[in-house]
Amino acid sequence: MIAVREALETLGHTPGALPEPHLLAGLFVRFQAQVPLRPSPDGLGEEELLLAWLERGEGFCGEARVRTFEALAAAAGFTVKRALARGPDGGCRPVLLALEGRALLDPAFPLPAPLSLDPPAEAEATGYGTLSVRSAEGGAVEILLETRGDERVLSRIEDGPLQNPCDEEAPSRDGTPGRGTAAAADEGLFRLLDDRVLRWKGGLLEISDSWSRLRVPFPATDTDGLEALFGPPIPLPAEPGHAAPEGKTVFAEPTLAVYHASAAPTAHLLGLLTDPAVQASLLPDGWSATGLALRQDGFDRTLIAGGELLRTERVTRLPDGLTLEAEGPLAFFRTRTWRLEARPAGTRLRLMATLRDPVPPRGLPEGTRRRLVFDLASELLALDARAAAG
Numbered sequence: 005m006i007a008v009r010e011a012l013e014t015l016g017h018t019p020g021a022l023p024e025p026h027l028l029a030g031l032f033v034r035f036q037a038q039v040p041l042r043p044s045p046d047g048l049g050e051e052e053l054l055l056a057w058l059e060r061g062e063g064f065c066g067e068a069r070v071r072t073f074e075a076l077a078a079a080a081g082f083t084v085k086r087a088l089a090r091g092p093d094g095g096c097r098p099v100l101l102a103l104e105g106r107a108l109l110d111p112a113f114p115l116p117a118p119l120s121l122d123p124p125a126e127a128e129a130t131g132y133g134t135l136s137v138r139s140a141e142g143g144a145v146e147i148l149l150e151t152r153g154d155e156r157v158l159s160r161i162e163d164g165p166l167q168n169p170c171d172e173e174a175p176s177r178d179g180t181p182g183r184g185t186a187a188a189a190d191e192g193l194f195r196l197l198d199d200r201v202l203r204w205k206g207g208l209l210e211i212s213d214s215w216s217r218l219r220v221p222f223p224a225t226d227t228d229g230l231e232a233l234f235g236p237p238i239p240l241p242a243e244p245g246h247a248a249p250e251g252k253t254v255f256a257e258p259t260l261a262v263y264h265a266s267a268a269p270t271a272h273l274l275g276l277l278t279d280p281a282v283q284a285s286l287l288p289d290g291w292s293a294t295g296l297a298l299r300q301d302g303f304d305r306t307l308i309a310g311g312e313l314l315r316t317e318r319v320t321r322l323p324d325g326l327t328l329e330a331e332g333p334l335a336f337f338r339t340r341t342w343r344l345e346a347r348p349a350g351t352r353l354r355l356m357a358t359l360r361d362p363v364p365p366r367g368l369p370e371g372t373r374r375r376l377v378f379d380l381a382s383e384l385l386a387l388d389a390r391a392a393a394g
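Going by the working numbering, the letters in the sequence shown line up with residues 5 to 394, in that order.
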């Protein structure tokens with residue numbers, strides 16, 4: 005158990021410390037942050053996996069990640085036990101329960117920190133969005149994720165003897181690492197930060213947070229750039245999983261999508277969105293719309309401020325939203341497409357934009373990304389506020 009002891013020291017755990025809950029939480033947080041999520045050869049034991057990380061910075065994922073942290077926790081004197089996380093699609097993965105079942109440790113998903121099951125967590129902020137816990141049938145609990153204007157069940161945590169262990173893990177529906185192998189060869193690269201998630205696969209970099217999703221081309225040959233984003237080691241471009249899967253489309257141009265959940269009915273929002281007068285009333289202070297020209301499928305207009313041209317816009321109505329094409333000095337986005345999706349409790353709004361200017365080879369600076377997200381989110385919030393006002 006030499007590698008286990010060395011790994012505990014590297015992760016900052018004091019030898020001989022009493023197994024207090026805050027020390028287990030700290031160990032788990034550092035393990036998740038410092039050990040990369042990467043595929044590892046089959047059949048390696050915990051000592052071999054940890055030795056590869058200590059000596060070469062290699063990582064591991066899936067069940068190997070669960071049992072390796074389980075070994076670290078046991079060596080540090082903590083009591084954890086296995087449970088099952090089952091997704092809505094039937095896929096499952098092993099997880100760990102601590103503090104007599106009151107805390108969930110999910111190394112493989114991955115969760116960045118322990119999640120309280122008792123008392124149930126409520127709107128716990130993560131890079132994915134906010135996580136909450138609710139009771140389910142049969143004494144189980146469900147983990148809910150609220151992100152990008154939507155709420156869904158991530159998994160159902162089943163305690164007790166595993167009557168149906170996970171032999172095969174079902175893939176996630178939307179790229180969320182729900183099957184516990186976020187960085188497997190067929191899933192590309194993955195990194196979870198405090199406020200956002202980075203993914204790369206087949207030449208496409210995706211940066212998502214609770215509000216937005218940015219997708220930009222990022223070549224596999226730029227291994228230095230990938231290493232700067234995801235940490236070493238980076239698999240060679242020729243290895244499996246670094247080409248776009250057959251039938252999948254790599255986005256040819258950068259796109260930024262921002263989402264919002266509104267309590268307003270979809271029909272009401274759509275009526276406001278496609279009304280030129282309402283559109284004009286939602287412009288920033290000091291802006292005005294001139295040269296309105298109505299068309300059968302939409303309208304054209306010119307936006308000015310202080311007598312100076314900002315941009316021209318061509319608005320085309322869609323059955324569930326509209327598309328806006330823009331030109332001019334302040335046309336940061338070449339196109340903006342609104343989509344409204346009816347939900348039982350209101351409407352999910354999505355505003356997807358294509359950027360006008362070329363994106364730097366290694367993506368947008370984080371400050372620029374945040375500013376563009378803020379600009380698009382402001383449009384969504386302005387429409388929602390107008391709908392709430394009647």
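Beta carbons: idealized from backbone N, C-alpha and C, even for Gly.
### Query
Going by other Cβ atoms of all chains shown within 10 Å of its Cβ, with 16 needed for buried, is residue 5 buried or exposed?
Its Cβ having fewer than 16 others within 10 Å, residue 5 is exposed.
### Task
Write down every uninterrupted run of the alpha helix (DSSP H) in the region 53 to 106 whose length is 4 residues or greater and which is fully enclosed by it, in chain order.
As far as the region 53 to 106 is concerned, its whole alpha helix (DSSP H) runs of at least 4 residues are 66 to 79.
### Task
With residue 382 as the anchor, note down where its alpha helix (DSSP H) starts and where it stops.
Annotation: the continuous alpha helix (DSSP H) that includes residue 382 extends over 370 to 393.
### Task
Entirely within the region 329 to 366 and at least 3 residues each: give me those beta strand (DSSP E) ranges in chain order.
Here the runs fully enclosed are 337 to 347 and 350 to 359.
### Task
Determine the direct distance from the alpha carbon of residue 142 to that of residue 248, and round the result to whole angstroms.
The predicted position of residue 248 is uncertain, since its pLDDT is 47 and thus under 50; no value can be drawn from it.
#### Entry: Residues bridged to residue 302 [DSSP beta-bridge criterion]
Its beta-bridge partners are 299 and 320.
### Which residues DSSP lists as bridging residue 272, in chain order
Partner(s): none; residue 272 has no beta bridge.
### Task
Please look up how many angstroms separate the CB atoms of residue 337 and residue 359, rounded, as I've assumed it's under 8 Å.
Beta-carbon to beta-carbon, residue 337 and residue 359 are separated by about 6 Å, close enough to satisfy the 8 Å threshold.
### Query
What residues in its chain sit with their C-beta under 8 Å from that of residue 145, if we drop five residues either side in the sequence?
Counting only Cβ-Cβ distances below 8 Å, and skipping sequence neighbours, we find 121, 124, 137, 138, 139, 160 and 161.
### Task
Answer yes if the region 48 to 67 comes into contact with the region 20 to 28, meaning at least three C-beta pairs across the two stretches below 8 Å, and no otherwise.
Contact fails: fewer than three Cβ-Cβ distances are below 8 Å.
### Query
What did DSSP end up calling residue 30 once you bin it into helix, strand or coil?
In the structure shown, residue 30 sits in a helix (DSSP, three-state: H, G or I).
### Query
Under a three-way DSSP split, which group does residue 14 fall into?
Helix, per DSSP.
### Message
Check for me: the alpha helix (DSSP H) holding residue 279 runs from which residue to which?
### Response
Element bounds for residue 279: n/a, residue is neither H nor E.
### Message
Applying the 10 Å Cβ sphere with the 16-neighbour rule, what's the burial state of residue 228?
### Response
Residue 228 comes out exposed.
### Task
With residue 227 as the anchor, note down where its alpha helix (DSSP H) starts and where it stops.
Residue 227 -> alpha helix (DSSP H) spans 227 to 234.
### Message
Taking its Cβ as the centre, do 16 or more other Cβ atoms sit within 10 Å of residue 290, making it buried, or is it exposed?
### Response
A residue is called buried once 16 or more other Cβ atoms fall within 10 Å of its Cβ, and residue 290, having fewer, is exposed.
### Query
Secondary structure at residue 51, three-state DSSP: helix, strand or coil?
Reduced to three states, the DSSP call for residue 51 is helix.
### Message
What does the Cβ neighbour count give for residue 110, buried or exposed, with the cut at 16 atoms within 10 Å?
### Response
The residue is buried, with at least 16 neighbouring Cβ atoms inside 10 Å.
### Rounded separation between residue 45 and residue 369 - CA only
Between the alpha carbons of residue 45 and residue 369 lies a gap of roughly 35 Å.
### Task
Whole angstroms is fine: what's the gap from residue 216's alpha carbon to residue 22's?
About 42 Å.
### Query
Does the beta-carbon of residue 99 have 16 or more other beta-carbons within 10 angstroms, so that it is buried, or is it exposed?
That one is buried.
### Simplified DSSP assignment, three categories, for residue 112
Looking at residue 112 - three-state DSSP - the assignment turns out to be coil, as it is neither helix nor strand.
### Query
Can you tell me the Cα-Cα spacing of residue 388 and residue 330, whole angstroms?
CA-CA distance, residue 388 to residue 330, rounds to 23 Å.
### Query
Does the separation of the CB atoms of residue 327 and residue 306 fall below 8 Å?
The answer is no: Cβ separation not under 8 Å.
### Residue burial classification, residue 60 (beta-carbon count within 10 angstroms, cutoff 16)
Exposed, by the Cβ-count rule.
### Query
What residues are listed by DSSP as bridge partners for residue 221?
Note: residue 221 sits in a beta bridge opposite 208.
### Task
Kindly give me the distance between the Cβ atoms of residue 372 and residue 273, rounded to whole angstroms, as I take these residues to be in contact under 8 Å.
For a cut-off of 8 Å, the C-beta gap from residue 372 to residue 273 is around 29 Å, too long to register as a contact.
### Query
In whole angstroms, what separates the C-alpha of residue 90 from that of residue 97?
Cα atoms of residue 90 and residue 97: separation of roughly 7 Å, rounded to the nearest angstrom.
### Query
Roughly how far, in whole angstroms, is the beta-carbon of residue 357 from the beta-carbon of residue 380, given that I think they are within contact range, below 8 Å?
Correct: roughly 6 Å between the Cβ atoms.
### Query
Buried or exposed: residue 382, going by 16 or more other Cβ atoms within 10 Å of its Cβ?
Around the Cβ of residue 382, a 10 Å sphere holds fewer than 16 other Cβ atoms; the residue is exposed.
### Query
Is it the case that the Cβ atoms of residue 50 and residue 83 are separated by a distance below 8 Å?
For residue 50 and residue 83, no; Cβs fall outside 8 Å.
### Task
Measure the Cβ-Cβ separation of residue 195 and residue 234 and say whether it is below 8 Å.
Cβ atoms of residue 195 and residue 234: closer than 8 Å.
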